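Peer 1: Residue numbers for the sequence shown, in my numbering: 18 to 173.
Ideal placement from N, C-alpha and C gives every residue a C-beta, glycine not left out.
These numbers come from a predicted model, not from an experiment.
Attaching a single structure in structure tokens format; questions to follow.
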Amino acid sequence: MEVATFGAGCFWGVEAKYRTIKGVISTQVGYLGGKLKNPTYEEVCTDNTGHAEVVQITFDPKIVKYIELLDIFWKCHNPTTLNRQGPDIGTQYRSAIFYHSEEQKIEAEKSKLKLDERHIYKDKIVTEITPTSTFYKAEEYHQQYLEKKGLASCHI
């Protein structure tokens with residue numbers, strides 16, 4: 018098994034999307050990339066902790082490749098808006114790929130470059146590609162939020 022971690026706006030819809038993918042074993046939503054240890058949702062929402070809302074995905078690379086997860090990442094949000102996705106504004110909603118290995122870093126950078134070269138988006142991609150750091154699991158009520166509420170998606 019391998020792990021991938023993506024920030025693409027509100028983590029509810031991103032998690033729901035990845036949970037439908039064959040080869041995804043499990044998902045957890047949480048916070049990553051900030052300076053505060055064990056942040057709460059309320060603290061992250063102050064825009065002072067530096068954390069991004071992320072989905073951490075455990076997947077079977079024999080069934081689904083990391084590059085396929087990257088493809089979903091690019092398509093499920095707007096990677097050209099800085100610290101914003103739809104109506105959600107703040108650094109916690111930034112577009113980010115947190116890589117877990119040198120191979121993931123290379124694949125992420127190549128996929129970003131390919132999109133930029135093809136001018137898929139009108140504006141420049143602002144997605145950050147950085148090494149993973151401590152993942153803090155979000156509160157239980159955020160886990161599989163849309164499934165628990167019987168909703169198909171949010172605004173992604």
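Kindly indicate which residue of 30, 44 and 135 has the alpha-carbon position closest to the one of residue 20.
Peer 2: On the sequence shown, residue 20 is found 3 positions in, with the first residue counted as 1. Considering only alpha carbons, the answer is 44.
Peer 1: Would residue 76 pass as a contact of residue 87 if the rule is Cβ separation under 8 Å?
Peer 2: Numbered from its first residue, the sequence shown carries residue 76 at position 59. Numbered from its first residue, the sequence shown carries residue 87 at position 70. Taking 8 Å as the Cβ cut-off, residue 76 and residue 87 do not qualify as a contacting pair.
Peer 1: For residue 157, tell me which candidate among 82, 47, 70 and 25 has the shortest Cα-Cα distance.
Peer 2: Locating residue 157 in the sequence shown gives position 140, where the first residue counts as 1. Cα-wise, what sits closest to residue 157 is 47.
Peer 1: Please report how far the alpha carbon of residue 110 lies from the alpha carbon of residue 98, in whole angstroms.
Peer 2: Here the question's residue 110 lines up with position 93 in the sequence shown. Here the question's residue 98 lines up with position 81 in the sequence shown. Distance between the alpha carbons of residue 110 and residue 98: 10 Å.
Peer 1: With DSSP as the reference, label residue 35 as helix, strand or coil.
Peer 2: Stepping through the sequence shown from its first residue, residue 35 is reached at position 18. Here residue 35 sits in helix by DSSP.
Peer 1: For residue 112, is the classification buried or exposed, using 16 other Cβ atoms within 10 angstroms of its Cβ as the cut-off for buried?
Peer 2: As a first step, residue 112 must be located in the sequence shown, where it is residue number 95. With 16 or more Cβ atoms within 10 Å of its Cβ, residue 112 is classed as buried.
Peer 1: Among 129, 32, 49 and 54, whose alpha-carbon lies nearest the alpha-carbon of residue 108?
Peer 2: Position 91 of the sequence shown holds residue 108. The option with the nearest alpha carbon to residue 108 is 49.
Peer 1: With a threshold of 6 Å on Cβ separation, who are the neighbours of residue 96 within its own chain once the five nearest residues in sequence on each side are excluded?
Peer 2: As a first step, residue 96 must be located in the sequence shown, where it is residue number 79. Cβ neighbours of residue 96 beyond the five flanking positions: 112, 142 and 144.
Peer 1: Taking 8 Å as the limit between beta carbons, can you name the residues of its chain near residue 139, skipping five residues before and five after?
Peer 2: For the purposes of this step, residue 139 is identified with residue 122 of the sequence shown, where counting begins at 1. 97, listed in sequence order.
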